[in-house]
Amino acid sequence: MSRIHLLSPRLANQIAAGEVVERPANIVKELVENALDAGARHIDIEAEQGGIKLLRIRDDGCGIDKDDLALSLSRHATSKITTLDDLEAVGSLGFRGEALASISSVTRLTLTSHEQSADTAWQVSAEGRDMVANVSPAAHPVGTTVEVRDLFFNTPARRKFLRTEKTEFSHLEEYVKRLALSRYDVAFSLRHNQRTIHSLRPAARPIDREKRVAALLSPQFIDSSVHIDAEAAGLALQGWVGLPTFSRSQGDMQYFFVNGRVVRDKLVVHAIKQAYRDVLYHGRHPAFVLYLSLDPKLVDVNVHPTKHEVRFRDGRLVHDFLFRTLHKALGDVRPDNQPNGSSPSELAGGLTSSVMPVSGAAAGEFSEQTRLDWQPNQQAGLSTVTTPPWSSAPSNFANQAPARADLSRADIAEQMNVYGAMNRTALPESPSADMPPLGFAIAQLHGIYILAQNAGGLVVVDMHAAHERITYERLKIAVDQQGVQSQPLLVPVNLSVSEREADTAEQFAEEFRSLGVELARVGPESLLVRQIPVLLQQAEVPQLITDMLGDLIEHGSSDRFLAHRNELLGTMACHGSVRANRRLTIPEMNGLLRDMEATERSGQCNHGRPTWTQMTMPELDKLFLRGR
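When we follow full-length UniProt numbering, the leftmost residue of the sequence shown carries the number 1, and every step to the right adds one.
Put into structure tokens, the structure is as follows:
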């Protein structure tokens with residue numbers, strides 16, 4: 001075995017770069033975070049060949065002093081923390097002092113900076129085996145420019161693991177999106193191969209922030225999301241959560257920030273997943289942009305090399321706060337308070353002009369067209385039926401429409417009476433009467449859908465899905481009011497668990513008892529299940545208890561029992577709801593619409609499918625080319 005020796009500075013930095021620099025996107029993240037810490041208000045990012053050939057980041061921050069330039073390329077050199085107390089309450093994005101040293105060890109790096117109080121700018125680069133820093137004067141405005149060329153030029157083995165130019169740039173762009181969403185007060189621009197990809201101005205107003213989110217994600221996200229603004233127990237949560245109907249096939253539109261730092265924490269993901277469990281279709285992922293603010297002393301950001309994970313001092317408090325806030329926000333979304341975010345056209349550039357209703361000749365109507373009387377006089381009989389306008393047409397017109405000839409006057413009168421009765425029942429007597437959010441029912445389509453008219457236009461309701469959600473929510477309320485009914489097991493179930501799981505069962509014995517589960521520890525690694533809830537008679541008790549213990553160990557809470565209970569109630573609601581092809585009367589349809597307006601989460605069924613949709617009058621006019 002060889003003797004112990006000190007590694008050369010370059011080799012030590014190259015080893016450290018394995019944790020910091022994986023691809024060009026990591027370099028952009030570290031350098032842009034440094035720019036934000038320097039107080040920059042405008043950051044330009046330029047890349048070539050996905051960032052492998054060139055990365056240039058320019059900012060207008062405070063700059064770096066000449067005497068600190070050489071030191072900035074050394075390991076563990078930073079201006080952001082000085083004592084252990086600073087580390088316990090980190091307020092900056094960077095703090096380890098390893099980024100520049102690691103990047104310069106695997107690239108050709110040039111740093112040019114002009115401090116605000118200095119007369120001129122200075123440039124530094126590190127080359128050679130010992131990475132000696134060379135400082136020279138340069139021309140540069142106030143701020144800093146970092147130019148990185150030829151990534152992994154001196155480590156060919158690492159370069160082989162880089163992907164295609166398109167793939168590497170997609171990762172780079174994703175990091176830029178995250179950073180742009182973290183700081184609305186900073187302008188960002190991104191160029192790739194001399195082509196502008198993003199040009200984002202500072203967003204101070206709420207509408208400007210929505211425009212930035214729409215530009216980076218999609219206008220549909222803002223239009224189909226709920227704005228969150230909640231505060232409790234020293235925690236504050238803001239941002240947007242997408243409706244269950246705006247779900248994704250993969251988790252590619254999930255952004256969570258803790259004190260301005262983007263993270264992917266297991267506890268956070270679990271809490272958000274729980275909040276969507278009752279309304280999201282199986283296999284779908286929610287979309288959200290959320291910002292959690294709390295005391296920096298209550299969160300540790302120094303737990304992962306890339307700072308993507310954090311550790312909360314009171315993880316259960318944060319978990320419950322996130323779950324309850326999002327669960328309530330999604331539950332409060334009803335037809336009468338649908339998200340009224342900006343339309344895609346507004347977010348794209350300006351407000352759309354209001355469309356005035358068009359009628360008469362401009363809408364394609366005949367000047368001699370007469371109004372059909374849909375409410376004929378019952379006493380007058382068939383003779384009072386208004387003659388259709390086509391009765392005076394030439395005789396050859398009737399020959400071209402033989403289907404009309406098959407209809408007798410009695411059939412036409414019967415149809416008119418039916419529609420007249422429907423309108424008298426469904427629609428308000430006065431146009432000024434208050435219109436409910438889902439309007440009034442006017443017809444049933446193929447025994448599946450309810451057609452209703454509201455102030456906005458046409459509402460189409462899936463009656464089975466809507467009734468399923470209503471029944472499901474009522475069953476949950478009934479079960480919660482009655483409490484959990486338990487029954488003792490004739491033969492107690494013996495569970496073999498780990499010692500840690502047994503300790504957890506003892507610690508949370510009261511929580512298990514409140515759920516109707518009675519556990520007794522009969523050995524260091526043995527539990528005895530004496531009692532279970534009545535609703536879970538057919539459940540796999542050993543697997544359920546084991547899963548609950550695993551959740552309690554990892555997250556401090558578990559909703560396994562609630563999930564199993566709700567699954568059973570959902571099955572009961574599905575089988576007890578109105579079926580397709582069942583004819584409903586107009587009052588029954590209206591009753592269903594009113595129940596939907598009063599029920600939480602009525603926009604989705606138990607399986608996450610939408611229960612209703614609306615077509616506005618401008619959309620209907622567009623279909624029929626009215627006013628064109």
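Where a beta carbon is used, it is the ideal one built from N, C-alpha and C, also for glycine.
Taking C-beta atoms as the reference points, Ser104 and Val21 fail to come closer than 8 Å. A contact is defined here as three or more CB-CB pairs under 8 Å, and the segment 275-289 fails this definition with respect to the segment 12-19. When secondary structure is reduced to three states using DSSP, Ile43 falls in the strand class. Following the DSSP letters along the chain, one finds Asn34 inside the alpha helix (DSSP H) bounded by residues Pro24 to Asp37.
Uninterrupted beta strand (DSSP E) stretches at least 3 residues long and entirely within the segment 66-140 occur at 108-114, 121-127 and 132-138, given in chain order. Going by beta carbons, Ala89 and Lys307 fall outside the 8 Å limit. Only buried fits Thr599, as 16 or more other CB atoms lie within 10 angstroms of its CB.
Put simply, the backbone Cα of Ser602 is about 37 Å away from that of Asp185.
Restricting attention to Val318, Val258 and Arg205, the CA atom closest to the CA of Ala232 is found in Val318. Within the same chain, Cβ atoms closer than 8 Å to the Cβ of Gly315 are found at Leu267, His555 and Gly556, the five residues on either side in sequence being excluded.
In this structure, Asn34 lies near Gly94, with their beta-carbon atoms less than 8 Å apart. Here the alpha carbons of Gly570 and Asn494 stand approximately 30 Å from one another.
The shortest C-alpha to C-alpha distance from Glu518 to any of Val497, Val148, Leu489 and Asn581 is the one to Leu489. When the Cα atoms are used, Glu174 and Ile4 turn out to be separated by approximately 42 Å. One thing to note: Tyr472 has its Cβ within 8 Å of the Cβ of Asn606.
Met572 counts as exposed, since fewer than 16 other beta carbons sit within 10 angstroms of its beta carbon. The Cβ atoms of Leu31 and Val146 lie closer than 8 Å to each other. Around the beta carbon of His575, fewer than 16 other beta carbons sit within 10 angstroms, so the residue counts as exposed. Between the alpha carbons of Leu71 and Asp60 lies a gap of roughly 21 Å. The alpha-carbon of Ala509 is positioned some 22 Å away from that of Gln482.
Per DSSP, Gly331 is one residue of the alpha helix (DSSP H) stretching across Gly315 to Gly331. Ranked by Cα distance from Ser514, the first of Asp480, Ser125 and Val522 is Asp480. Of the other Cβ atoms in all chains shown, fewer than 16 fall within 10 Å of the Cβ of Ile207; this residue is therefore exposed. The DSSP assignment places complete alpha helix (DSSP H) segments of no fewer than 4 residues inside the segment 487-559 at 499-507, 509-514 and 541-555, in order along the chain.
In the DSSP assignment, Tyr449 falls within the beta strand (DSSP E) that extends over Tyr449 to Gln453. In the structure shown, Gly242 falls within a strand segment according to DSSP collapsed to helix, strand and coil. In this structure, Leu243 sits away from Gly50, with a CB-CB distance that is not shorter than 8 Å.
If you ignore the 5 residues before and after Lys66, its C-beta comes within less than 8 Å of the C-beta of Glu115, Ala118, Trp122 and Val135, all in its own chain and listed in chain order. In the DSSP assignment, Ala466 falls outside any beta strand (DSSP E) and within the unbroken alpha helix (DSSP H) covering Met463 to Gln482. Ala215 sits in a helix when the DSSP states are folded into three classes.
Assignment of Met589 by DSSP, reduced to helix, strand and coil, places it in the helix class. Pairing Lys53 with Asp150 gives a Cβ-Cβ distance under 8 Å. Linking Arg264 to Ala275 through their CA atoms gives a straight-line distance of about 17 Å. With respect to Arg159, Phe152 sits close: the two C-beta atoms are nearer than 8 Å. Scanning Arg474, Asp223, Arg261 and Gly283 for the CA closest to the CA of Gly251 turns up Gly283. DSSP lists Gly239 as the bridge partner or partners of Ile228.
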